[in-house]
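Okay, structure first, notes after.
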Amino acid sequence: MTLALQTLLNRPEQSRDQRCVVGVCCALLLACALVMPARVWAHGEAGDVLPLEPGWDAAAALALRGLDVGGDLPSTAMAGYLLQGDAGDPPERQSMEHASASLAWRATPSLGAYVQLAAHGSEPPEWEDAWVQWRRDTAEGDAWWWSLGRMTPAQGEALAQAGVFDDFALPPLAQRMAWDHAMPEHGLQWSWRGERAQADWALDLGVWSGDAFPGHGAASPVPSLHLGWRRGPWRADGFWLTQRARDRGASVLGVAGHSHIAPTCDAALQEVVCFTGRSDVQGLSLVWDGVNADRAWPLRVTWAGWRRLERGGLRSQNGAVDYRGDGRGWWLEGAWSWQADWRLSARIERLSHQVALSGLGSGLVAADAGFVEDAGMRRESLSLAYQWRPWSRWVLTWGQEAQGQQAGVSFAALRWVLQWP
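Residue numbers (the working numbering): 1417 to 1837.
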């Protein structure tokens, strides 16, 4: 394990900025370990990360990865799905997978705040969350709150946490299709939690700026809705967001390099494809957790999926056409904890994108956008996780990924995941 960790930390392609983030997050982990035992506060109901009682709660997490790939993974560039359109950042070069440090503070029973600094892969660190909250609890057991600031719209655990410190080396294909690289939004969200008909319910309504994909500068405020239900071992979540994208740019297929800045749509339209129109994102998840069943089973099964439906105009240097795109993806995952410290997980993923273009120059615009006749993607993954310490987990993952009729590309990863608390 020591040799594997040295390999992760000393990879030559790791940048100085990445090493700095790793060092900072390790220091934060140590600080939390020293400080937290003296003052630990219980979390509130599902969906509220602030302490239930006045006080504060700190957390830090770090995931390091050594990844070996037998070729070019189709999910790196995601050709055919009208995302940002560049060549992508090969995941085998990203020895730091995720890093984050957060602080949750409840000043009074009604007022609180939350901040989180995070970095993903080769992207620079940023404030992923920075918001304030006003909360009210009723005598009947209901709780509702307003959150204002920078945050990720509530989606439910299975949809929101997939690909973030879980037991798999790569984020789900469906998540990439729906959000590209998921980014937080600026906005206002109202949340409610309560019990009705012998089940726990969650409702979240939000209004957002639409700065992140698939909006990238939405033409109007962006509404979102999340509805969650939980009873016994079963949990279901649904999510819907709609926005009108305005001149959302994607690099012309074949443009080399990788950038974290969306391509600019201007009059020249040089090496860029621009989309203007309606973009709807829909998510659904269903979880059965055997630990909560009448007869406890060390098994958890998750089905989740995303859909991104778009209709509007698509233009490049070679024409302007009417466009309709329907991207759909899902994953089925099973996790078996046959011993307290060991977990074996398997995930099957499928992804498709149906495209319809009409207008003069449709073929040329389709080529610029990188649409392919068979854009369907598939991935199968198997992982073995060992909880070495309460705050430390080692994960070995193997999988295969393919697009269309192309031969599958195999990958294997050894990851070290640290989380406190």
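Just so you know, even glycine gets a beta-carbon here, dropped at the ideal spot from N, CA and C.
Here the structure is a predicted model, which is why all the values come from computation and not from measurement.
In whole angstroms, what separates the C-alpha of GLN1721 from that of GLY1786?
For this step, residue 1721 is matched to residue 305 along the sequence shown. For this step, residue 1786 is matched to residue 370 along the sequence shown. Note that residue 1721 is Gly in the sequence shown, not Gln. Cα to Cα, the separation comes out at about 24 Å.
- What's the C-alpha gap between CYS1441 and ALA1475? Stepping through the sequence shown from its first residue, residue 1441 is reached at position 25. Stepping through the sequence shown from its first residue, residue 1475 is reached at position 59. Caution is warranted here: a pLDDT of 42 is assigned to CYS1441, below 50, making its placement in the model unreliable, and the coordinate value is therefore given only provisionally. Rounded to whole angstroms, CYS1441 to ALA1475 spans 10 Å at the Cα level.
Rank GLN1816, ALA1791, ALA1529 by C-alpha distance to the C-alpha of ALA1495 and give the top, closest one. Locating residue 1495 in the sequence shown gives position 79, counting from the first residue. For the residues GLN1816, ALA1791, ALA1529, the minimum Cα distance to ALA1495 belongs to ALA1791.
Checklist entry - Under a Cβ-count criterion, where at least 16 other Cβ atoms within 10 Å of its own Cβ denotes burial, should GLU1611 be classed as buried or exposed? => result Locating residue 1611 in the sequence shown gives position 195, where the first residue counts as 1. Looking at its Cβ environment, which holds fewer than 16 other Cβ atoms inside 10 Å, GLU1611 is exposed.
- Item | Outcome for SER1526 when other beta-carbon atoms lying within 10 angstroms are tallied against a minimum of 16 | Here residue 1526 is taken as the residue at index 110 of the sequence shown, counted from 1. Burial call: exposed.
Of all the options GLU1687, LEU1776, TRP1719, PRO1649, which has the alpha carbon lying nearest to the alpha carbon of ASP1502?
-> Indexing the sequence shown from 1 puts residue 1502 at position 86. Of the listed residues, the one whose Cα sits closest to ASP1502 is GLU1687.
According to DSSP, which residues form a beta bridge with THR1524? Your numbering for residue 1524 matches position 108 in the sequence shown. Answer by DSSP bridge pairing: none, since THR1524 is not bridged.
*The beta strand (DSSP E) spanning TRP1832 covers which residue range?*
Sequence index remark: in the sequence shown, residue 1832 carries index 416 (1-based). Looking at the DSSP string, the run of the beta strand (DSSP E) that includes TRP1832 is 1825-1836.
So within the region 1539-1617, which uninterrupted alpha helix (DSSP H) runs reach at least 4 residues, ignoring any that extend past its ends? Fully enclosed alpha helix (DSSP H) runs of 4 or longer: 1573-1576, 1589-1595.
* To do: Find the nearest neighbour of GLU1601 within the set THR1568, MET1593, GLU1573, ALA1578, judged by alpha-carbon distance.
  => Position 185 of the sequence shown, counted from the start, is the residue given in the question as residue 1601. Taking only the C-alpha atoms, the option nearest GLU1601 is THR1568.
Open item on the list: Do LEU1685 and SER1732 have their beta-carbon atoms positioned less than 9 Å apart in this structure?
Closed with: For the purposes of this step, residue 1732 is identified with residue 316 of the sequence shown, where counting begins at 1. For the purposes of this step, residue 1685 is identified with residue 269 of the sequence shown, where counting begins at 1. Against a cut-off of 9 Å, the Cβ pair of LEU1685 and SER1732 comes out as a contact.
The region 1465-1481 in contact with the region 1640-1653 per 3-pair CB rule at 8 Å: Result no; under three Cβ-Cβ pairs closer than 8 Å.
ask   = What three-state label does DSSP hand THR1423 in the structure shown?
value = Translated into positions along the sequence shown, residue 1423 becomes position 7. The predicted model places THR1423 with a pLDDT of 39, which falls under 50 and marks its position as unreliable; any figure quoted below should be read in that light. Helix.
Quick one, which of TRP1704, PRO1470, GLY1482 has its alpha-carbon nearest VAL1811's?
Within the sequence shown, numbered from 1, the residue matching residue 1811 stands at position 395. Among TRP1704, PRO1470, GLY1482, the Cα nearest to that of VAL1811 is on GLY1482.
Checklist line | VAL1781 - containing alpha helix (DSSP H), residue span | finding: If you number the sequence shown from 1, residue 1781 lands on position 365. Counting along the chain, the alpha helix (DSSP H) containing VAL1781 begins and ends at 1778-1785.
Practice task
Please check the pair TRP1747 and ALA1590, which I expect to be a contact at CB under 8 Å, by giving their CB distance rounded to whole angstroms.
Solution key: By one-based count along the sequence shown, residue 1747 stands at place 331. By one-based count along the sequence shown, residue 1590 stands at place 174. Right, their Cβ atoms sit about 6 Å apart.
First and last residue of the uninterrupted alpha helix (DSSP H) at ALA1661
Your numbering for residue 1661 matches position 245 in the sequence shown. Secondary structure note for ALA1661: it is in no alpha helix (DSSP H), and the uninterrupted beta strand (DSSP E) holding it is 1650-1667.
Local Cβ density within 10 Å of PRO1490, reported as buried at 16 or more and exposed below that: The residue given as residue 1490 occupies position 74 in the sequence shown. Counting Cβ neighbours within 10 Å, PRO1490 comes out buried, since at least 16 surround it.
**Where the beta strand (DSSP E) through ALA1477 begins and ends** = Numbered from its first residue, the sequence shown carries residue 1477 at position 61. In this chain, the beta strand (DSSP E) harbouring ALA1477 covers 1471-1485.
Report task. Starting from SER1625, follow the beta strand (DSSP E) in both directions and report where the run begins and ends. Result -> Against the sequence shown, residue 1625 aligns to sequence position 209. Counting along the chain, no beta strand (DSSP E) covers SER1625, and no H or E run does either.
* CB-CB under 6 Å to GLN1659, same chain, minus the five flanking residues each way: which ones, in chain order? -> The residue labelled residue 1659 in the question sits at position 243 within the sequence shown. Around GLN1659: GLY1626, GLY1631, ALA1634, VAL1638, SER1695.
**Item:** Exposure of TRP1402, with buried meaning 16 or more beta-carbon neighbours within 10 Å
**Value:** Here the chain has residues from 1417 to 1837 only, and residue 1402 is not among them.
Using 8 Å as the cut-off, can you tell me whether the region 1774-1783 makes contact with the region 1798-1807, which would need three or more C-beta pairs spanning the two stretches below that distance? The region 1774-1783 and the region 1798-1807 do not touch, with fewer than 3 CB-CB distances between them shorter than 8 Å.
Every unbroken alpha helix (DSSP H) within the region 1729-1808, with a cutoff of 4 residues, ordered by chain: With a minimum length of 4 residues, the continuous alpha helix (DSSP H) runs that stay inside the region 1729-1808 are 1778-1785.
* **Rounded C-alpha distance that separates GLY1745 from LEU1767** => By 1-based counting over the sequence shown, the position of residue 1745 is 329. By 1-based counting over the sequence shown, the position of residue 1767 is 351. When rounded, the distance between both Cα atoms is 4 Å.
- Quick one: Cα of LEU1834 to Cα of ALA1479, how far? Within the sequence shown, the letter at position 418 stands for residue 1834. Within the sequence shown, the letter at position 63 stands for residue 1479. If you take the alpha carbons of LEU1834 and ALA1479, they lie about 6 Å apart.
Hey, GLN1532 and ASP1553 are a contact pair by Cβ (cut 8 Å); roughly how many whole angstroms apart?
-> By 1-based counting over the sequence shown, the position of residue 1532 is 116. By 1-based counting over the sequence shown, the position of residue 1553 is 137. Taking a contact as a CB-CB distance under 8 Å, the pair GLN1532 and ASP1553 does not count as one, their CB atoms being some 24 Å apart.
**Asked** THR1492 lies in the alpha helix (DSSP H); which residues open and close that run?
**Response** Taking the sequence shown and counting its residues from 1, one reaches residue 1492 at position 76. 1490-1493 is the span of the alpha helix (DSSP H), which, as asked, contains THR1492.
**OP:** Select from ALA1613, ALA1618, ALA1661 the residue whose C-alpha is nearest the C-alpha of TRP1624.
**Re:** The count along the sequence shown starts at 1 and reaches residue 1624 at position 208. The residue with the shortest Cα to Cα distance from TRP1624 is ALA1661.
Taking 8 Å as the cut-off, is the C-beta of ALA1720 nearer than that to any heavy atom in the ligand COA? This structure does not include the ligand COA; it has no bound ligands of any sort.
What are the boundary residues of the beta strand (DSSP E) that SER1695 is part of? Here residue 1695 refers to the residue found at position 279 of the sequence shown. Per DSSP, SER1695 is one residue of the beta strand (DSSP E) stretching across 1688-1705.
Return the CA-CA distance between GLY1693 and GLY1504, expressed in angstroms with no decimal places. In the sequence shown, residue 1693 corresponds to position 277, counting from 1. In the sequence shown, residue 1504 corresponds to position 88, counting from 1. Looking at the two C-alpha atoms, the distance is approximately 25 Å.
Q: Please name the residue in GLU1789, VAL1771, ALA1829, LEU1776 whose C-alpha comes closest to that of SER1799.
A: Locating residue 1799 in the sequence shown gives position 383, counting from the first residue. The residue from GLU1789, VAL1771, ALA1829, LEU1776 with its alpha-carbon nearest to that of SER1799 is ALA1829.
What does TYR1530 pair with, by DSSP beta-bridge criteria? Translated into positions along the sequence shown, residue 1530 becomes position 114. Partner(s): ALA1520, TRP1547.
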